[in-house]
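S.K.: Residue numbers (numbering that gives the first Met the number 0): 0 to 274.
By construction, the Cβ of each residue, glycine as well, lies at the ideal position given by its N, Cα and C atoms.
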Amino acid sequence: MKGEIQHFSEPFLGGGAVFFDLAQKFDLKSAKLFDINQELILTYKVVQKDVDLMMEFLQRYSTEYLKLDNDRQKEYYYEFRTNYNHQRFNIDFKRYNENWIPRAAQLIFLNKTCFNGLYRVNQKGEFNTPSGVYKNHVPKILDVENLKLASKVLGIADIESSNFSSIEEKIKDSSFIYFDPPYRPISKTANFTNYSKKNFDDALQFELADIFKKMDEKGNLVMLSNSDPKNENKKDSFFDDLYEGYDIKRVKATRVINSKVSKRGRINEIVVRNY
Ligand SMILES: C[S@@+](CC[C@H](N)C(=O)[O-])C[C@H]1O[C@@H](n2cnc3c(N)ncnc32)[C@H](O)[C@@H]1O
């Protein structure tokens, strides 16, 4: 595939692992990056446009935090999180403005100092991940080199907050599209779909499969990943049925984010492709 990808799209951007990897390996001409999470999109746009100014804010938070002992860091974190949640009503997510710059720095700060870098909100939309526990190492809150590189790589991207259901018309013809939706829970207790207020249920998996197929029929390269329900129940062929006729591979993946240590580890994930 090397040399062939010019236009890329990632409708469930999250941490953007695939985008950042491809953007450094291929000479991408354009990228359309979407996520329903407005805070995340705000942050990417700020990293793209105003990374230096954003890093000044992050430097300040980092210095204030790192000079405290463990107990005080915890207090600082919770106070910071409360303020962050209160301020969300003052943010105009529709239009880029100067309030976005500290807001982005605050999300990065929380992401670096919370438990396992987990992004979780409650029903009210409040970020509610607890504080991280750092016994033996100091978290790297401001990574100048990485943020500058991310800003540079994001230069070719259009970044937009959007539900996956309305992206079809926005994606350029002949793109490579990677779908990494919230995982279908692998057990009743695992709750990987809690990134946003609404859960990503099976009805949405069906809707997504329709879009995957349409994008395939339009001549794009499409790839999708998800958890493999067969990890828990050998008879559960949900994705095998949904994506029948496509190439479906099972790959070993390491789950880092799970509240139960015993559930972290290598399990199968599925990768569906039309190529
Ligand atoms: C599994 S994560 C993607 C992880 C990403 N590949 C990475 O490298 O970190 C799923 C993402 O989908 C987003 N999401 C959830 N529901 C969505 C929807 N209906 N439309 C668009 N994005 C959605 C979440 O905000 C989350 O960032």
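Quick one: using the 10 Å Cβ neighbour count with 16 as the cut-off for buried, is residue 194 buried or exposed?
M.R.: Start at 1 with the first residue of the sequence shown, and residue 194 comes out as number 195. At residue 194 the pLDDT is 47, less than 50, meaning the model places this residue with poor confidence; the figure from the coordinates comes in the next sentence. Classification for residue 194: buried.
S.K.: Buried or exposed: residue 209, going by 16 or more other Cβ atoms within 10 Å of its Cβ?
M.R.: By one-based count along the sequence shown, residue 209 stands at place 210. Looking at its Cβ environment, which holds fewer than 16 other Cβ atoms inside 10 Å, residue 209 is exposed.
S.K.: Tell me the rounded alpha-carbon separation between residue 1 and residue 22.
M.R.: Position 2 of the sequence shown, counting from 1, holds the residue named residue 1. Position 23 of the sequence shown, counting from 1, holds the residue named residue 22. The predicted model places residue 1 with a pLDDT of 48, which falls under 50 and marks its position as unreliable; any figure quoted below should be read in that light. Distance between the alpha carbons of residue 1 and residue 22: 12 Å.
S.K.: Decide if residue 274 is buried, meaning its Cβ has at least 16 other Cβ atoms within 10 Å, or exposed.
M.R.: Here residue 274 refers to the residue found at position 275 when the sequence shown is read from its first residue. So residue 274 ends up on the exposed side.
S.K.: Can you tell which of 106, 132, 153, 46 has its C-alpha closest to the C-alpha of residue 72?
M.R.: As a position in the sequence shown, residue 72 is number 73, starting the count at 1. Selected option, being the one with the closest Cα: 132.
S.K.: Let me check you understand the geometry: is the CB of residue 175 closer than 7 Å to at least one non-hydrogen atom of ligand 1?
M.R.: Position 176 of the sequence shown, counting from 1, holds the residue named residue 175. Result no, Cβ not under 7 Å from ligand 1.
S.K.: Given a cut-off of 8 Å on the beta-carbon distance, is the pair residue 45 and residue 177 in contact?
M.R.: By 1-based counting over the sequence shown, the position of residue 45 is 46. By 1-based counting over the sequence shown, the position of residue 177 is 178. No.
S.K.: Quick one: residues in its chain with C-beta nearer than 8 Å to the C-beta of residue 54, no 5 flanking neighbours on either side, listed in chain order?
M.R.: Working through the sequence shown from its first residue, we reach residue 54 at position 55. Once the five neighbours on either side are set aside, the close Cβ partners of residue 54 are 104, 141, 143, 146.
S.K.: Using alpha carbons as the reference points, say which of 9, 28, 29, 56 lies closest to residue 40.
M.R.: Position 41 of the sequence shown holds residue 40. Closest by alpha carbon: 9.
S.K.: Assuming residue 49 and residue 100 form a contact by the criterion Cβ under 8 Å, report the distance between their Cβ atoms to the nearest whole angstrom.
M.R.: Within the sequence shown, the letter at position 50 stands for residue 49. Within the sequence shown, the letter at position 101 stands for residue 100. Contact between residue 49 and residue 100 holds: CB atoms are separated by about 5 Å, below the 8 Å threshold.
S.K.: Below 7 Å CB to CB, which residues in the same chain sit around residue 135 once its five sequence neighbours on both sides are set aside?
M.R.: Taking the sequence shown and counting its residues from 1, the one referred to as residue 135 is at position 136. Contacts found: none.
S.K.: Check residue 236 in the structure and name its three-state DSSP category.
M.R.: Taking the sequence shown and counting its residues from 1, the one referred to as residue 236 is at position 237. Three-state DSSP puts residue 236 in coil, outside helix and strand.
S.K.: Are the segment 70 to 84 and the segment 162 to 170 touching, with three or more C-beta to C-beta distances below 8 Å?
M.R.: no
S.K.: Considering residue 225, what are the terminal residues of the beta strand (DSSP E) in which it resides?
M.R.: Here the question's residue 225 lines up with position 226 in the sequence shown. Segment 220 to 226, the beta strand (DSSP E) holding residue 225.
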